[in-house]
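**Q** Counting from 1 along the sequence shown, just add 8 to a position and that's the residue number in the numbering used here.
Just so it is clear, CB atoms sit at the ideal spot from N, CA and C, and this is done for glycine as well.
The structure follows.
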Amino acid sequence: MSLLVVGSVAFDSVATPHGVRDDVLGGSASFFSVAASHFVGVRLVAVVGEDFPDEHVAMLREHGVDLAGLERSEGRTFRWAGRYHDDMNQRDTLSTDLGVFEGFDPKLPDGWDDTPFVFLGNIHPALQAKVLDQVKAPRLVACDTMNLWINTTPDELKRVIERVDVLAINDDEVQMVAQENNLVKAARKVRAMGPRWLIVKRGEYGALLFAEGRIFAVPAFPLEEVRDPTGAGDTFAGGFMGALAAAPRIDDATVRRSMVMGSVMASFCVEDFSLDRLKTLTRQDVDARFRQFKDLTSFDLD
Ligand code: AMP
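Printed below as a string of structure tokens:
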């Protein structure tokens, strides 16, 4: 089974209460691809500049990520800088430098138009739509976005949301899209816009899945030290989509298990800066933490 992702491949400069890193590997598609690569073959569509080092390309390739859709353009790779507060659920974006993203026109390599699973990572909704236009009859499409696009390109974003099966966004973004403060009411409004499933990411408080008539909650794995939360949302999406694409069928049970796998992968991401923990992960590490979630979340009714 294969899974296509379009999103950013970036240089991040990050400051958290646990340290500072400059120009490390980041971007929604990087976190997503490496997380999903533990479960299925990943096809990456993105753009980098001439300054993007071969070592990052090699790391993605070692994870089995198909890079035929990774364009290298003249100019600088996308850069993002952020600073976390002591409460690491809060962060400020210090700068965003689009670089080669400015002229990006995503084109799927030959043979990729039949990819069954598609993830539209957080980039301009017009670019997300361009990718969606090129895939024929996908089994499942999921999408992420951020406050920037909700505020600046609401109509283009709405047209993308109408076309996806799963929308995976943060709780404050759900409230912004729905213009409703109560999360349950806001989720109902957002699902009415199109997506069958809405995943609400809530940082250290875990994630909620809203489906027809049901809500499922998964906690974040309790960790003694969170060093850098950057990419946790994209990594959650990579674990979720990877597990779902690898499942024999898509039903309530597999969607719930995939939510847990999303939380498992996100918990590894935040243990270190950039993709440092994710890139050393083994399938045994993943499976062991997945089993710990069973103990963390199950209880008897009496
Ligand atoms: P997350 O922590 O899951 O919200 O994802 C953070 C990642 O998103 C960082 O690695 C950034 O490089 C990337 N990012 C931040 N802003 C943007 C943007 N406007 N477009 C694309 N990617 C972005």
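Closer than 7 Å to a non-hydrogen atom of the ligand AMP - does that hold for the CB of residue 104?
**A** yes
**Q** Any heavy atom of the ligand AMP within a distance shorter than 7 Å of the CB on residue 156?
**A** yes
**Q** Since residue 246 and residue 40 are thought to touch, with beta carbons under 8 Å apart, how far apart are those beta carbons, to the nearest angstrom?
**A** 4 Å
**Q** Measuring straight from C-alpha to C-alpha, what distance separates residue 268 and residue 103?
**A** 32 Å
**Q** Quick test of your reading: residue 78 and residue 56, contact by CB under 8 Å. State the CB separation rounded to the nearest angstrom.
**A** 7 Å
**Q** Note down the Cα distance separating residue 198 from residue 159, rounded to an integer number of angstroms.
**A** The alpha-carbon atoms of residue 198 and residue 159 are separated by roughly 16 Å.
**Q** Check whether the stretch 22–33 touches the stretch 268–278, taking contact to mean three or more Cβ pairs, one atom from each stretch, closer than 8 Å.
**A** no
**Q** How about residue 24: is its Cβ closer than 7 Å to a heavy atom in the ligand AMP?
**A** no
**Q** Among 74, 27, 66, which one has its Cα closest to the Cα of residue 11?
**A** 74
**Q** Just to confirm, is the Cβ distance from residue 151 to residue 169 under 8 Å?
**A** yes
**Q** The ligand AMP heavy atoms versus the CB of residue 36: any closer than 7 Å?
**A** yes
**Q** Nearest CA to the CA of residue 299: which residue from 271, 47, 204?
**A** Comparing C-alpha distances from residue 299 to each of 271, 47, 204 shows the shortest one belongs to 271.
**Q** In three-state terms, what does DSSP make of residue 299?
**A** helix
**Q** Measure from the alpha carbon of residue 202 to the alpha carbon of each residue in 219, 288, 190, 81, then state which is nearest.
**A** 219
**Q** For the ligand AMP, any of its heavy atoms closer than 7 Å to the Cβ of residue 177?
**A** no
**Q** Report the rounded CA-to-CA distance for residue 83 versus residue 204, giving the unit in angstroms.
**A** The alpha-carbon atoms of residue 83 and residue 204 are separated by roughly 39 Å.
**Q** Starting from residue 157, trace the alpha helix (DSSP H) in both directions and tell me its first and last residue.
**A** 155–160
**Q** Once DSSP output is grouped into helix, strand and coil, what is the label at residue 168?
**A** helix
**Q** Give the DSSP bridge partners of residue 79, in chain order.
**A** 55
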